[in-house]
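Participant:
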Amino acid sequence: MKHLNVWREDFVSGTTVGVIGGGQLARMMIAPAVELGIAIRVLAEAPHMSAELAETAVGDYRDAATVLEFARTVDVVTFDHEHVPQHVLRALVGAGIRVHPGPDALLYAQDKLLMRARLSELGLPVPDWAAVESAEALEEFLAAHGGRAVVKTARGGYDGKGVRVVSDAHGADDWFTALAEDSNGGALLAEELVPFRRELAQQVARRPSGEVVAWPVVETVQKDGVCAEVVAPAPATAESTATEARDIAIQVAEGIGVTGVLAVELFETPDGRVLVNELAMRPHNSGHWTIDGSVTSQFEQHLRAVLDLPLGSPAPLQPWAVMVNILGGPAGESLVDRYPRALAGRPAVKVHGYGKEPRPGRKVGHVTATGDDLDAVLADARGAAACFL
Ligand code: ADP
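For the sequence shown, the positions run 252 to 640 when the working numbering is used.
1. How about P534: is its Cβ closer than 7 angstroms to a heavy atom in the ligand ADP?
2. Would the region 354-369 count as touching the region 327-340 if we require 3 or more Cβ pairs under 8 angstroms?
3. Give me, in chain order, the residues of the same chain whose beta-carbon lies closer than 8 angstroms to that of T324; leave out the 5 immediate sequence neighbours on both sides.
4. Comparing the CB of G612 with every heavy atom of the ligand ADP, is any distance shorter than 7 angstroms?
5. Would you say L554 and A290 are within 8 angstroms of each other, going by their C-beta atoms?
6. Answer yes or no: the CB of K474 versus the heavy atoms of the ligand FAD, is any distance below 7 angstroms?
7. Beta carbon of A572, beta carbon of W540: below 8 angstroms?
8. Using 8 angstroms as the threshold, is the C-beta distance between V527 and L517 below it?
9. For the ligand ADP, enumerate in chain order all residues having a CB closer than 7 angstroms to any of its heavy atoms.
10. Is the beta carbon of R457 less than 8 angstroms from the beta carbon of L513?
11. Could you tell me the alpha carbon to alpha carbon distance between G511 and H603, rounded to whole angstroms?
12. Tell me whether W426 sits in a helix, a strand or coil according to DSSP, three-state version.
13. Over what stretch of residues does the beta strand (DSSP E) that includes F447 continue unbroken?
14. Does the Cβ-Cβ distance between V575 and A479 come in under 8 angstroms?
15. Please name the residue in E442, G616, A315 whose C-alpha comes closest to that of H396.
16. Of all the options P336, T621, A620, S585, which has the alpha carbon lying nearest to the alpha carbon of R610?
17. So, does the region 551-567 touch the region 380-390, judging by three or more C-beta pairs under 8 angstroms?
18. A368: which of G345, A405, R349, G310 sits nearest, CA to CA?
19. Pull up the CB-CB distance for I271 and A302, whole angstroms please, since I reckon it's below 8 angstroms.
20. In whole angstroms, what is the alpha-carbon distance linking G583 and P376?
21. Compute the distance between the beta-carbons of V344 and R313, then report whether it is under 8 angstroms.
22. Which two residues bound the contiguous beta strand (DSSP E) that contains H617?
23. Flag this pair as yes or no: are the beta carbons of A465 and V481 separated by less than 8 angstroms?
24. How long is the line joining the alpha carbons of R613 and G461, rounded to whole angstroms?
25. Using the three-state DSSP reduction, which class does H421 fall into: helix, strand or coil?
26. In this structure, does DSSP put Y605 in helix, strand or coil?
27. Identify, in the order they occur along the chain, each residue of the same chain with its Cβ nearer than 7 angstroms to the Cβ of M300, setting aside the five sequence neighbours on each side.
28. Would you mind reading off the limits of the beta strand (DSSP E) that contains K403?
29. Given Q473, which residues of its chain have a CB within under 8 angstroms of its CB, disregarding the five upstream and five downstream residues?
30. Could you give the first and the last residue of the continuous beta strand (DSSP E) run that contains I499?
31. According to the Cβ coordinates, are V401 and L444 closer than 8 angstroms?
32. Quick check: what's the CA-CA separation for G374 versus V546?
33. Where does A595 fall in DSSP's three states?
34. Which whole-angstrom value describes the C-beta separation of A566 and V525, a residue pair presumed to lie in contact below a C-beta threshold of 8 angstroms?
Written out as structure tokens, the structure reads:
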């Protein structure tokens, strides 16, 4: 493990949160940590990552010895991503290290088949699903679901990778072959293709000692499997739908024992039902609006939750907040070069840059606009984001 910055042993902060993963989610925990007077140490996958503003070590999060060495220098371990293997997480817990969320909860963010099974067990609404181990089993599922299905790899998918709509029993043969070659074997997740009206996301935060708070449910818009835009709260939402979304997320957090911030990605069906798609047990793109739009941002709340501190109000500061991701970014230019154009005449817009090299499709920042007129807020956020194309 290489120490990029020397640990500031002289700095008596009293409390240090260790974050595994050096991406923008870890980076966005830094500002509230500074405000709270809490130190952040990051175990990054590579040098020069987004979160390197904090004290950073570079090391392999899949290696128990590396992660243990890192974890012994902090008071609590949390995450920028959900990929730390179970054996590593359990080694930390076994060594008496505080880990939030813990391995028993993270399991359900790491494996979509286990997640579907657990949610079904909890009686929560999910799309029709099955674990399929062969083209024959997929054919059976297709036949029972009008000839089309969504097939997902149980592990390792993100931003739409590992998700495929199939209408042919052989449409996932490459994945079945890969599974057969993997010594662990396993199955794919087949789901009904939900004819959703829109996608929603519900975030909650939960402390180890039990307190839970919920932000308002938001609408998320994906482009090419990647979150593009978030409107908070989700416009024209029936009271019953908002309540159901909140209750589902609280049931997930309590049922699975999630600590920290939890995002529940949901489908709203044309008949007003809500189905759970995915779980993320960390700050999430659907909650970036909270930095500028809510009394307590998801990043501050996550720190408070993993430290088991009293949680802050999730109340919105303005009637509307719209977040638009900056994807790709200006080639060969820094984001800041575009700030004059993006910000001019848009005093209600905030820009957040992640300090990442622009590459096609890469999330390099986001903008958030807030206000009381949704059309104006949408125009502001979209107009500002367009200045980075
Ligand atoms: P990832 O883990 O890559 O984010 P998701 O499981 O969230 O993958 O799926 C990515 C996107 O694919 C979703 O946001 C949604 O737009 C679409 N999708 C996923 N599952 C279904 C489904 N059962 N029916 C319809 N669309 C789906």
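Glycine included, C-beta positions come from ideal geometry on N, C-alpha and C. Predicted, not measured: the structure shown is a model, and the values here were computed from it.
Facilitator: Once the coordinates are examined:
1. As a first step, residue 534 is located in the sequence shown; it is residue number 283 there, counting from the start. No.
2. yes
3. In the sequence shown, residue 324 corresponds to position 73, counting from 1. Excluding sequence positions up to five before and after T324, its CB lies within less than 8 angstroms of the CB of W258, T267, G269, R292, all in the same chain and listed in chain order.
4. On the sequence shown, residue 612 is found 361 positions in, with the first residue counted as 1. No, the beta carbon of G612 sits no closer than 7 angstroms to any heavy atom of the ligand ADP.
5. Walking along the sequence shown from the start, residue 554 turns up at place 303. Walking along the sequence shown from the start, residue 290 turns up at place 39. No.
6. As for the ligand FAD, it is missing from this structure, which binds only the ligand ADP.
7. As a position in the sequence shown, residue 572 is number 321, starting the count at 1. As a position in the sequence shown, residue 540 is number 289, starting the count at 1. Yes.
8. Stepping through the sequence shown from its first residue, residue 527 is reached at position 276. Stepping through the sequence shown from its first residue, residue 517 is reached at position 266. Taking 8 angstroms as the Cβ cut-off, V527 and L517 qualify as a contacting pair.
9. K363, P378, V401, K403, G408, Y409, D410, G411, K412, G413, V414, E442, E443, L444, V445, F447, E450, Q473, G476, E516, F518, N528, E529
10. The residue labelled residue 457 in the question sits at position 206 within the sequence shown. The residue labelled residue 513 in the question sits at position 262 within the sequence shown. Contact: yes.
11. The residue you call residue 511 lines up with position 260 of the sequence shown. The residue you call residue 603 lines up with position 352 of the sequence shown. Those two C-alpha atoms are separated by around 23 angstroms.
12. If you number the sequence shown from 1, residue 426 lands on position 175. The answer is helix: DSSP assigns W426 an H, G or I state.
13. The residue given as residue 447 occupies position 196 in the sequence shown. From DSSP, F447 is part of no beta strand (DSSP E); its letter is neither H nor E.
14. Translated into the one-based positions of the sequence shown, residue 575 becomes position 324. Translated into the one-based positions of the sequence shown, residue 479 becomes position 228. Against a cut-off of 8 angstroms, the Cβ pair of A479 and V575 comes out as a contact.
15. Numbered from 1 along the sequence shown, position 145 holds the residue referred to as residue 396. Residue E442 is the option with its Cα nearest to H396.
16. Looking up residue 610 in the sequence shown gives position 359. Nearest option by C-alpha distance: S585.
17. no
18. The residue given as residue 368 occupies position 117 in the sequence shown. Among G345, A405, R349, G310, the Cα nearest to that of A368 belongs to A405.
19. The residue you call residue 271 lines up with position 20 of the sequence shown. The residue you call residue 302 lines up with position 51 of the sequence shown. Not confirmed; about 10 angstroms, so no contact.
20. If you number the sequence shown from 1, residue 583 lands on position 332. If you number the sequence shown from 1, residue 376 lands on position 125. Using only the alpha carbons, I get a separation of about 46 angstroms.
21. If you number the sequence shown from 1, residue 344 lands on position 93. If you number the sequence shown from 1, residue 313 lands on position 62. The answer is no: Cβ separation not under 8 angstroms.
22. Taking the first residue of the sequence shown as 1, we reach residue 617 at position 366. That run of the beta strand (DSSP E) goes 614-622.
23. Here the question's residue 465 lines up with position 214 in the sequence shown. Here the question's residue 481 lines up with position 230 in the sequence shown. No, the pair does not count as a contact, with Cβ atoms beyond the cut-off.
24. For the purposes of this step, residue 613 is identified with residue 362 of the sequence shown, where counting begins at 1. For the purposes of this step, residue 461 is identified with residue 210 of the sequence shown, where counting begins at 1. Inter-residue distance for R613 and G461 is about 36 angstroms (C-alpha atoms, whole angstroms).
25. Start at 1 with the first residue of the sequence shown, and residue 421 comes out as number 170. Coil.
26. Here residue 605 refers to the residue found at position 354 when the sequence shown is read from its first residue. Y605 falls in the coil class under three-state DSSP.
27. Taking the first residue of the sequence shown as position 1, residue 300 is located at position 49. Result list for M300: G273, G274, in chain order.
28. As a first step, residue 403 must be located in the sequence shown, where it is residue number 152. Residues 400-404.
29. Position 222 of the sequence shown, counting from 1, holds the residue named residue 473. Only G411, E450, A479 meet the Cβ criterion.
30. Locating residue 499 in the sequence shown gives position 248, where the first residue counts as 1. Here I499 belongs to no beta strand (DSSP E); instead the alpha helix (DSSP H) covers 490-507.
31. In the sequence shown, counting from the first residue as 1, residue 401 sits at position 150. In the sequence shown, counting from the first residue as 1, residue 444 sits at position 193. Going by C-beta atoms, V401 is nearer than 8 angstroms to L444.
32. Sequence index remark: in the sequence shown, residue 374 carries index 123 (1-based). Sequence index remark: in the sequence shown, residue 546 carries index 295 (1-based). C-alpha separation (whole angstroms): 33 angstroms.
33. Taking the first residue of the sequence shown as position 1, residue 595 is located at position 344. Three-state result, A595: coil.
34. The residue you call residue 566 lines up with position 315 of the sequence shown. The residue you call residue 525 lines up with position 274 of the sequence shown. No, A566 and V525 are not in contact; Cβ-Cβ is about 22 angstroms, not under 8 angstroms.
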